[in-house]
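*Asks:* Sequences listed follow chains A and B, in order.
Throughout the first sequence, residue numbering follows UniProt numbering, covering 1 to 277 in sequence.
Throughout the second sequence, residue numbering follows UniProt numbering, covering 1 to 308 in sequence.
To start, I am sharing the structure in question, which I have written as structure tokens.
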Amino acid sequence: MTAQTSHPAAPPSGAPSAATPWDLSQDARMPLSRLVSVEIRKSFDTRAGRWLTISIIGLVLVASVIGAFAFPEGQQDYVNLLGLAGGILGYFLPILMILLITSEWTQRTGLVTFALEPRRPRVVLAKVLAGLALAVVVLALGAAIAAGATALSPVNGGEAVWNLGGTEVQNFLLTSVIGVLVGFALAMLLRNSAAAIVAYFVYTFILPIVADALSALVDGFEKIAPWVEFNTAQMPLFTGDYRATGEEWAQIAVSGTIWLVIPFAFGVWRLMRAEVK
Amino acid sequence: MIEVNGLTRTYGRFTAVDDVTFTAQPGRVTGFLGPNGAGKTTTMRIMVGLTPPSRGSVRIGGHDYRDLPNPGRRVGVLLDASAQHAGRTGREILTVGARTMGLPASRVDEMLQMVSLTEQEAGRRLRNYSLGMKQRLGIAHALLGDPEVLILDEPANGLDPAGIRWMRDLLKGYARRGGTVLLSSHLLHEVELIADEMILIGRGRIVAQGDKQTLLAQNGSVSTYAAGLDRDALGVALQRAGLEAAPDGEGFRVTAAAADIGRAALEHGVVLTELRNAAAGLEDLFLELTSDTQRDAVAAHDPQGAAA
């Protein structure tokens, strides 16, 4: 590194005057779309982010191929294979989202991010939109992989069953988006990658088990569980006829308020007043 | 122009920044000087909206920082050169910044060239950067948006002597063209060489401000060191001339201007071998002003007990 070459810094644009405040009328605001595209870029431009995404898709690919060959004959249909892809993505997409938020704190990039856009709600919105856009793209890839696996399934006998309906697609998207947003809320609350990921797995793995155990032990708890435990409430979207009844939707709404809306709102509120260190 | 007015930030019962008021003028480099933990960084963080103030306000170019539509194009900020994703390359870090501000990609190359980071260095990940390289990258990042105001926290940290000179020239040139530069440091000589205006801060409070001359004048007393071929004869000459002299090494420390000593020596035919200004420098002033805020006892740094 040579220190001698000193190209002068570009002259500051416009001669600033001590007395008159800057005229900001010509200053273009940063459009939200630009912030979103920068956030998407930021989740791919590190080795960690890139490999996380690649390994998620790789895992879906491997699992789908195994499913195409090894699933029982009756389950080698698109809905089942899509469910497999969705299951894997459901666990990993939120991690991608968590890192989008927490790296601003653990890698301290927030110092730059929030200095370049001091209106923090816009940063949060850009991140949510970037996260959802990424989730949709990865889900579409997952769906394509599942479709490939379905087309592959006749290899070991039987035929490809394309039994996909609008409801399944809707549920697939809805539950994935919910997972992503829960990850997001936890990330904003905890602002630490490891803590947020652990919290997310406690939420998805341990809470449903606790709810099950309580339902088995405590009389009448199985009636309460779907109202207070978000994963339990979402079960109708994965099982049976994939259709939720009116009451089940109400349960999703109520438990969703507890596990998603309130933490999300609190997370945003905390982020608004936090010191960016 | 940066106007800081009555800025205060408390953490519980601890006051990190205590009623700080100053102005950084365009066309000048303003040095923000104080020992570690004096509140320099907190003040700068408040300026750019990363830390909310408890009281007081900061106006940059007459505006609240949050009201700048695209702050990076007006205010260049470097708070911590290490506060970047360790897994991103230098070039990528600048690219993310340039994109956020809506700048063309060519700006990234210009800035890399300006801070003398080679193509190959720019392609390395930040975790493999030396502190000096990080600092250069951070300065490049601050200058990306061609801002009118620069806010730099310890920018010389980790730079080698050549790098420090380079930065000094860069910032002086920048101010000469009408830019406002506010830079902090805990190293006096660094600031002394570059700053037109100095703000001394200790334990959250401003203890002195002004240009170098003003600060030294404030400190008052004239002091000159004089030595002669014949030490005793010089002592007598000084005494007869009514000058207050204290023995100091080979010569005397005299509370008088050099001319008065020269005249006394001439009158008594004493050959002077040394005659120089021994007034307390900025360093003594700095240590004295911030003495109750220093972590280490100042007396140890002041062997001659000369300050004031």
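In this text, a Cβ means the ideal position worked out from N, Cα and C, and glycines have one as well.
What you are looking at is a predicted structure, and each value in this text was computed from that prediction instead of being measured.
1. Since Y200 (chain A) and V182 (chain A) are thought to touch, with beta carbons under 8 angstroms apart, how far apart are those beta carbons, to the nearest angstrom?
2. Is M101 (chain B) helix, strand or coil when you go by DSSP?
3. From the beta carbon of T109 (chain A), is the nearest beta carbon of chain B less than 7 angstroms away?
4. With DSSP collapsed to three states, give me the class of R205 (chain B).
5. Considering only C-alpha positions, which residue in the set A:G246, A:V137, A:R119 is nearest to T51 (chain B)?
6. Taking R34 (chain A) as the reference, which of A:A126, A:L96, A:Q76 has the closest Cα?
7. For the alpha helix (DSSP H) containing F221 (chain A), list its first residue and its last residue.
8. Alpha carbon to alpha carbon, how far is F252 (chain B) from V270 (chain B)?
9. Are the beta-carbon atoms of A24 (chain B) and T30 (chain B) separated by less than 7 angstroms?
10. In the DSSP output, what is D232 (chain B) paired with across the bridge?
11. Using a Cβ-Cβ cut-off of 7 angstroms, state whether T5 (chain A) counts as contacting chain B.
12. Less than 7 angstroms between C-beta atoms, sequence neighbours within five positions excluded: which residues of the same chain meet that for F22 (chain B)?
13. For H186 (chain B), which residues in chain A fall below 7 angstroms Cβ to Cβ?
14. May I have the straight-line CA-CA distance separating Q26 (chain A) from R177 (chain B), to the nearest angstrom?
15. Would you verify that the beta carbon of E275 (chain A) is, or is not, closer than 7 angstroms to some beta carbon of chain B?
16. If we define contact as Cβ-Cβ less than 7 angstroms, is F184 (chain A) a contact residue for chain B?
17. Beta-carbon within less than 8 angstroms of residue 315 (chain B)'s beta-carbon, same chain only, minus the 5 sequence neighbours each way: which residues are those?
18. Where are the beta strand (DSSP E) runs, 3 residues long or more, that stay fully inside the stretch 150 to 232 of chain A, in chain order?
19. Taking its Cβ as the centre, do 16 or more other Cβ atoms sit within 10 Å of E267 (chain B), making it buried, or is it exposed?
20. Please list, in chain order, all residues of the same chain as L272 (chain B) whose beta carbon is under 6 angstroms from its beta carbon, the five residues on each side excluded.
21. Return no unless some Cβ of chain A is closer than 7 angstroms to the Cβ of L50 (chain B).
22. Assign P21 (chain A) to buried or exposed, taking buried as 16 or more other Cβ atoms, counted over all protein chains shown, within 10 Å of its Cβ.
23. Chain A partners of D80 (chain B), CB-CB under 8 angstroms?
24. Could you check the C-alpha separation between L116 (chain A) and M133 (chain B) for me, to the nearest Å?
25. Any Cβ of chain B within less than 7 angstroms of the Cβ of P21 (chain A)?
26. Taking the beta carbon of S55 (chain A) as the centre, do at least 16 other beta carbons fall within 10 Å, making it buried, or is it exposed?
27. For T100 (chain B), return the contacting residues in chain A, with the cut-off set at a CB-CB distance below 9 angstroms.
28. Only counting runs of 4 or more residues, tell me where the alpha helix (DSSP H) segments fall wholly within the stretch 16 to 67 of chain A, in order along the chain.
29. For K42 (chain A), go through chain B and note every residue whose CB falls closer than 7 angstroms to its CB, in chain order.
30. What does the Cβ neighbour count give for G138 (chain B), buried or exposed, with the cut at 16 atoms within 10 Å?
31. Could you round the C-beta distance between T224 (chain B) and A246 (chain B) to whole angstroms and report it? I think they count as a contact, below 8 angstroms.
32. Is it buried or exposed, L7 (chain B), if we count other Cβ atoms within 10 angstroms and call 16 or more buried?
33. Could you pull the start and end residues of the alpha helix (DSSP H) that V268 (chain A) belongs to?
34. If the cut-off is 9 angstroms on Cβ atoms, which residues from the stretch 42 to 66 of chain A count as contacting chain B, listed in chain order?
35. Using a Cβ-Cβ distance under 7 angstroms, would H85 (chain B) count as near chain A?
36. Does the stretch 230 to 242 of chain A come close enough to the stretch 64 to 78 of chain A that 3 or more CB-CB pairs lie under 8 angstroms?
*Replies:* For this structure:
1. 7 angstroms
2. helix
3. yes
4. strand
5. A:R119
6. A:A126
7. 221 to 228
8. 14 angstroms
9. yes
10. Looking at the DSSP assignment, D232 (chain B) forms no beta bridge with any residue, so it has no partner.
11. A caution first: T5 (chain A) carries a pLDDT of 41, below 50, which makes its placement in the model unreliable, though a value can still be read off. Chain B contact via Cβ: present.
12. V4, I199, I206, Q209
13. Correct list: empty, because the minimum Cβ distance to chain A is about 19 angstroms.
14. 21 angstroms
15. yes
16. no
17. Limits of chain B in this structure are 1 at one end and 308 at the other, which puts residue 315 (chain B) out of reach.
18. none
19. exposed
20. G228, A265
21. yes
22. exposed
23. R108, L111
24. 22 angstroms
25. yes
26. exposed
27. M30, R34, L35, V38, V112, T113, L116, E117
28. 32 to 42
29. V96
30. buried
31. 12 angstroms between Cβ atoms; not a contact.
32. buried
33. 262 to 273
34. K42, D45, T46, R47, A48, G49
35. yes
36. no
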